[in-house]
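Every position in the sequence shown, counted from 1, becomes a number in this note's numbering once 390 is added.
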Amino acid sequence: MKKLLALACLGALLMGATPKRFWSGHNLGFQLEFSSDDLRVKAGKQPAKTLFDAFPAPDPEMPCTHSRSLRPLSWVGPYFSYQQEDYWSCKGTAHPGAATNFQAIDLRKPGKALRLTDLFPDAEVLKALLAEPVIAKTLAEAKIAPRFKNTEALLAQLNELNGECLYSFGKDMLEHFSFHHLQASQVAVRIGLMHGCEAARGHLTQLGILLPVPASMTTYLQQSQAGKAGFLMAWAEKKFAAQSSVHERVEPGSDSD
């Protein structure tokens, strides 16, 4: 929460200031531009498009201050992942709100959800999830045998078992992932889980799994690991540790106005 508050303050300071360019790179005909005021992608000769979604429509009865920050996590072939942190404070509410999660997209298909099972066999993802410590512990405590037909069945069961404050299992959790590093013939994947209760708002829990690298991903991952095209999360965590693109909107009448 303190980090999100700091980002909100940073956004206010950056408004009107000259944007600072953090990083720019090319991969498969796409150009990624990361600066203090935007994270955007340009495809070929088309205009660059921001990865920031629009803030909710203002409500005159409940003016708010919104702050959103984006930070790159991994770029493997056409698959790009980033972390999104949201903070909002609305007049008349008991406390501010906050949420943090990973977002994964296929740059060739903007607006369409990308699931881990789109890139890896469902059976391999299921096997890796069942071996993940947090998931294994959740099933064991509920005395549920780790036998499921597919990932959809597992996610439905985990969603029913939600009850932790620090994290929650969403049915769409396989859409929130990043590629962390290569380990022999496997790739380490991080899956983001949002908070499970308001007391932990803004908290992010990361699940870690290992998946066999399919032939279709081998070249992409090797190039990202070597820094020849794109990058992996292990590198981005160090490179972009103190850097974020920030957007902020302060509505008239809000507590920050």
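The beta-carbon is built from N, C-alpha and C at its ideal position, and this holds for glycine as well.
Check the Cα spacing between Leu545 and each of Cys555, Met563 and Lys533: the tightest is with Met563. Our two residues, Gln633 and Ile581, have alpha carbons roughly 21 angstroms apart in a direct line. Each of His485, Lys439 and Trp625 was checked against the Cα of Arg591, and the nearest Cα belongs to His485. By the Cβ test, the stretch 451-464 is in contact with the stretch 609-623, since at least three Cβ pairs between them sit closer than 8 angstroms. Nearest to Cys555 by C-alpha distance, out of Asn417, Glu588 and Lys410, is Glu588. No Cβ-Cβ contact shorter than 8 angstroms links Pro602 with Glu522. Under the 10 Å beta carbon count, His570 is surrounded by 16 or more other beta carbons and is classified as buried. Separation of the CB atoms of Ser457 and Glu638 is rounded to 5 angstroms, and the pair is thereby assigned contact status at 8 angstroms.
Looking at the DSSP output, Gly592 bridges to nothing.
Listed in chain order, the non-local C-beta contacts of Gly643 below 6 angstroms within the same chain comprise Pro453, local neighbours out to five positions each way being set aside. Each residue's CA atom was taken as its position, placing Ala447 and Ala518 some 40 angstroms apart. Here Gln493 is buried. Its C-beta has 16 or more other C-beta atoms within 10 Å.
Within the same chain, and ignoring the five residues on either side of Arg411 in sequence, the residues whose Cβ sits closer than 7 angstroms to its Cβ are Ser425. An exposed status is given to Asn552, since fewer than 16 other beta-carbon atoms sit within 10 Å of its beta-carbon. Within its own chain, the residues whose Cβ lies closer than 8 angstroms to the Cβ of Tyr469, once the five positions on either side in sequence are excluded, are Ala494, Ile495, Asp496, Leu497, Leu504, Leu509, Phe569 and Tyr610, listed in chain order. Non-local beta-carbon contacts of Trp478 in its own chain, meaning distances under 8 angstroms to residues more than five positions away in sequence, involve Cys454, Thr455, His456, Ser457, Pro486, Gly487 and Ala488 in chain order.
For Lys432, the enclosing beta strand (DSSP E) covers residues Asp428 to Ala433.
Restricting attention to alpha helix (DSSP H) runs no shorter than 4 residues, the stretch 569-627 encloses them at 605-616, ordered along the chain. For the pair Thr507 and Thr541, the CB atoms are nearer than the 8 angstroms cut-off. Closest by C-alpha distance to Pro500, out of Arg430, Ala578 and Gln547, is Arg430. In the structure shown, the three-state DSSP call for Asp512 is helix. Ranked by Cα distance from Gly598, the options Leu520, Gln473 and Glu475 are led by Leu520.
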